[in-house]
Each structure stands twice: as structure tokens, then as C-alpha cells.
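Here's the structure we're looking at; comments come further down.
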Amino acid sequence: MNFPLFIARRIRSTQDTSFSKTVTYVGIGTIALGAGIILIAFSILFGFKKAILNKMISFSGDIRISQISANHSLSESPMTRNLAWEKRINSIVGVDHLQAHVQKPGIIVGKENMSGVVIKGIGSDMPQTQIQANMREGSAQINKPQDIILSKSLAKQLKVKLDESLVLYFLSQPERPRKVRVSGIYETGLEEMDKLMVLADRNWVQKMNQWTADSIGTYEIHLAKPVSTQTILTTLPHEWKLETSEELYPALYDWMKMLDRNIIIFISLLMLVACFNLIATLWVLIMERVPMIGLFSALGANHKQIRSIFWWNGFFILLRGLAFANVFAAGFCYVQATYQLIPLDPENYYMSAVPIEWDAFTWISVNVGTMLLVSLMIYIPTQLIKKLELKDAINYKN
């Protein structure tokens with residue numbers, strides 16, 4: 007029989023009539039609150055990052071392939087579609103799909119205002135579901151050459167509504183205004199995209215560029231799972247270049263890295279508070295059981311055995327705290343993911359409600375990490391037992 011574990015269980019079962027009951031509940035509550043908030047924080051952080059990345063990638067892809075050029079303007083250099091290369095890329099494990107685009111800078115004029123935009127020509131190889139998630143009004147499908155899809159913020163700036171017309175000027179043909187119709191309105195919440203990106207028919211944009219039907223500006227590769235860029239680089243003709251989404255939008259990725267650093271600091275503080283509270287709880291439990299410690303010492307129990315009794319006591323508190331933490335965090339995340347009770351301002355946070363992302367590995371890691379860290383910290387208060395004299399311990403009165 008494990009003597010320390012047996013005594014620890016007996017102590018736990020007889021705490022109902024002692025002061026240690028209240029102290030134990032405080033320790034359990036501290037662990038539950040700290041670990042629960044950590045689990046919720048990670049779920050929100052991952053949900054936030056995933057939502058933003060999905061919005062960005064849905065319009066720009068994970069990887070962009072374009073022609074190497076000394077031209078750094080928004081105008082693209084044409085590249086000829088390579089169907090054999092497209093088939094090769096689509097066969098790579100992890101690649102979801104490939105799509106070709108043509109873009110052209112222009113000025114769009116509304117009833118009272120105008121704005122510089124980038125017209126992005128899309129074709130049938132761009133899945134509608136990719137745009138549909140961000141649509142607010144109208145259709146994600148462009149049925150007519152003069153139809154365009156613009157952002158909600160741009161529509162508000164130009165004071166235009168669905169099915170109304172706008173005038174579009176291209177910088178290369180300023181004397182030839184083009185009349186276009188708003189067939190859809192999207193909203194990503196990402197200012198870099200919403201203020202510039204206007205979707206149009208690819209064939210129509212090719213015509214505006216005076217390009218042939220097999221000329222495009224960029225390929226966008228969308229991934230189902232991570233793929234090494236080297237795998238794709240080895241397939242590229244020497245006149246093509248590869249850019250990842252992180253290279254295209256470095257400011258956004260830097261901002262998300264800053265979020266990671268902030269959450270680590272926040273979680274570290276929570277863990278320290280939880281550990282110190284549990285240490286204080288065990289100190290109280292030890293001081294309340296000093297006569298028992300003296301009795302066990304007199305009966306021949308060594309310091310290691312007595313320390314183990316209180317270590318098990320602390321471990322039981324930890325397990326109960328983690329159990330409550332998981333129930334609390336899972337309940338909160340489920341309710342928020344299902345009913346979106348906590349709203350956000352889309353203009354500041356890029357989404358209308360607090361996002362939740364369930365990640366089993368993170369939940370297991372938080373639970374295991376908390377158990378390991380707190381289990382080690384529990385040894386600190388048990389060192390107090392070494393300093394107790396046998397005679398003083400037996401005669402000690404609370």
C-alpha cells in the first residue's frame with residue numbers, strides 16, 4: 007500500500023469539518039479560473055488568426071506566382087498560361103486548387119466621390135464558395151462582362167448600392183470611361199483589401215489590357231495543408247517568381263506575431279498566480295496538520311514520506327481544478343461558437359463576433375503543461391516540513 011497516497015486521501019475525505027475546506031476550495035477555484043482562461047484565450051487567439059487568414063487567403067491565395075519584372079507598379083506583366091504546369095501543381099499533395107487572374111489599376115467614380123482601385127479579373131477556376139463566405143449582398147458569380155463585385159466600405163464611400171452603375175477609368179485609357187454595374191458587395195474587414203480590391207470578369211479585364219485569351223497576370227495557389235515552397239519552386243520556369251502570403255502582407259503577419267507574444271505574457275502571469283495560490287493553500291494545510299506531521303515523524307515516517315502526503319494533497323486539488331477548468335472553458339467556447347453571444351466591431355476587429363477555434367493538441371498541451379508545472383511548484387511548500395522539530399511539531403497548537 008502507498009502510505010503517503012492513503013493518508014492524503016484520508017485527509018481529503020475529512021476536510022469537511024476543518025478550516026482547510028475553505029482554503030482547498032480557493033485553491034481549486036484559482037486553478038480552475040487560471041487554466042480555464044488560458045484555454046479560452048488560446049481558442050480565441052487561434053480562432054482570430056484563422057478567421058483573418060481565411061479572409062486574406064480567400065482573395066489572395068497562399069502562394070502567388072507571377073512574371074519576374076522590374077515593374078513595381080500595380081500593373082502586371084503578362085505571362086502565358088501553361089496548362090501542363092497547372093496540371094503538375096494540382097497533382098501536388100496539399101494543393102487544394104490553382105486559379106489564374108488578371109489585374110489592372112483604375113479609378114472608379116461614384117455619385118459624389120472617386121477612389122483608386124485594383125480591378126481583379128477572376129474566372130470559373132475560382133470557386134464561388136471562396137468568395138461567398140465574405141459576401142454581404144448580391145451574387146458571388148459574375149454573369150456579365152460589365153458586372154463587378156466591390157467591398158462594403160468602398161460602396162459606402164462611393165455612395166452606391168447593389169445593381170447601380172459606376173464609371174471606371176483605366177490609367178492606360180483615361181479617355182475611354184467604362185460603365186460597370188455593382189452585382190455584389192463583399193466585406194472582409196481587412197482594410198488593405200477592402201479599400202482597393204474590385205472583382206470583375208477575367209476575360210473582360212484581359213480585353214481592357216489588350217491581352218490574348220491565354221495571357222494572365224498571376225497564378226494563385228490555395229493549399230489544403232502546408233506544402234514546402236521549394237516543392238513548387240522546382241517546377242517554375244526561370245522567368246516566373248514565387249511569393250507567399252507572408253511576403254505579400256508582412257504587416258499583417260507581424261501584427262499576428264505580436265498577438266502571440268502578448269498572449270504568452272498574459273498566460274505566464276496567470277500561471278504564476280495559480281501556482282502561488284496553490285503554494286499558499288498547501289502552506290495553510292501543512293500548518294494545520296503540524297501535530298499530525300510530528301506524530302508520523304515519531305512513528306518512524308521519514309521526511310520524504312510526509313512531503314509526499316502533502317504533494318498528493320496538492321495534486322488532488324490540481325486535478326479537481328483542471329476538471330472544472332475544462333468544463334468551464336468547453337462550455338464557454340461551445341456557447342460562443344454556436345450562438346456568438348459576444349459581438350465585436352467589424353471595423354476594428356475584422357469580424358462581427360469573438361471567433362472560436364477548437365484545437366485538441368493545444369487543450370492537451372495546456373492540461374499536461376499545467377500539471378507538470380504546478381506539480382513541480384507543489385514541492386516548494388513541502389520543504390517547510392524539514393524545518394519542523396519533532397517536539398515542537400507534536401506540541402504545536404493552531
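Oh and the sequence shown: position 93 is 99 in our numbering, straight run, nothing missing. Glycine residues also receive a C-beta, built at the ideal position from the N, C-alpha and C atoms.
- Ranked by Cα distance from Glu252, the first of Trp289, Ala343, Met62, Ala41 is Met62.
- The residue from Met293, His228, Glu181 with its alpha-carbon nearest to that of Pro133 is His228.
- Comparing alpha-carbon positions, the option among Ser381, Tyr356, Glu363 lying closest to Glu197 turns out to be Tyr356.
- DSSP places Leu172 in the uninterrupted beta strand (DSSP E) bounded by 171-176.
- For Leu275, DSSP assigns no beta-bridge partner whatsoever.
- If you draw a straight line from the Cα of Ala336 to the Cα of Gln342, it is about 10 Å long.
- Following the DSSP letters along the chain, one finds Asp200 inside the alpha helix (DSSP H) bounded by residues 197-200.
- For Lys158, same chain residues with a beta-carbon under 6 Å away, outside a window of 5 residues either side, are Arg142, Ile191, Glu193 in chain order.
- The region 100-113 makes contact with the region 208-223, as at least three CB pairs between them are under 8 Å.
- Per DSSP, Ile128 lies in no alpha helix (DSSP H) segment; the continuous beta strand (DSSP E) that holds it begins and ends at 120-128.
- Within the same chain, Asn119, Ser121 come within 7 Å of Gln163 by CB-CB distance, once the 5 residues on both sides are set aside.
- For Trp364, there is no enclosing alpha helix (DSSP H), since its DSSP letter is neither H nor E.
- Apart from sequence neighbours up to five positions away, the residues of its chain that approach Arg326 with a beta-carbon distance below 7 Å are Ile34, ordered along the chain.
- Setting aside the 5 residues that flank it on each side, Ile43 is surrounded in the same chain by Leu276, each with a C-beta closer than 7 Å to its C-beta; the list follows chain order.
- In this structure, the beta-carbon distance from Lys117 to Val166 falls below 8 Å.
- For Thr86, the CB contacts under 7 Å within the same chain, skipping 5 residues up- and downstream, are Asp220, Ser221 in chain order.
- Distances from the CA of Thr368 to each of Ala38, Phe48, Leu390, Gln236 were compared; the closest alpha carbon is that of Phe48.
- Sequence-distant Cβ neighbours of Ala280 in its own chain, meaning closer than 6 Å and more than five residues away, are Thr36, Ile37, Gly40.
- Around the beta carbon of Pro387, a 10 Å sphere encloses 16 or more other beta carbons of the protein chains shown; the residue is thus reported as buried.
- Annotation: Pro232 to Phe12 spans about 50 Å, alpha carbon to alpha carbon.
- DSSP lists no bridge partner for Trp261.
- Non-local beta-carbon contacts of Gln311 in its own chain, meaning distances under 8 Å to residues more than five positions away in sequence, involve Phe9, Pro10, Phe302 in chain order.
- Under DSSP, His107 takes part in a beta bridge, and its partners are Thr224.
- Between the alpha carbons of Pro84 and Ser72 lies a distance of about 9 Å.
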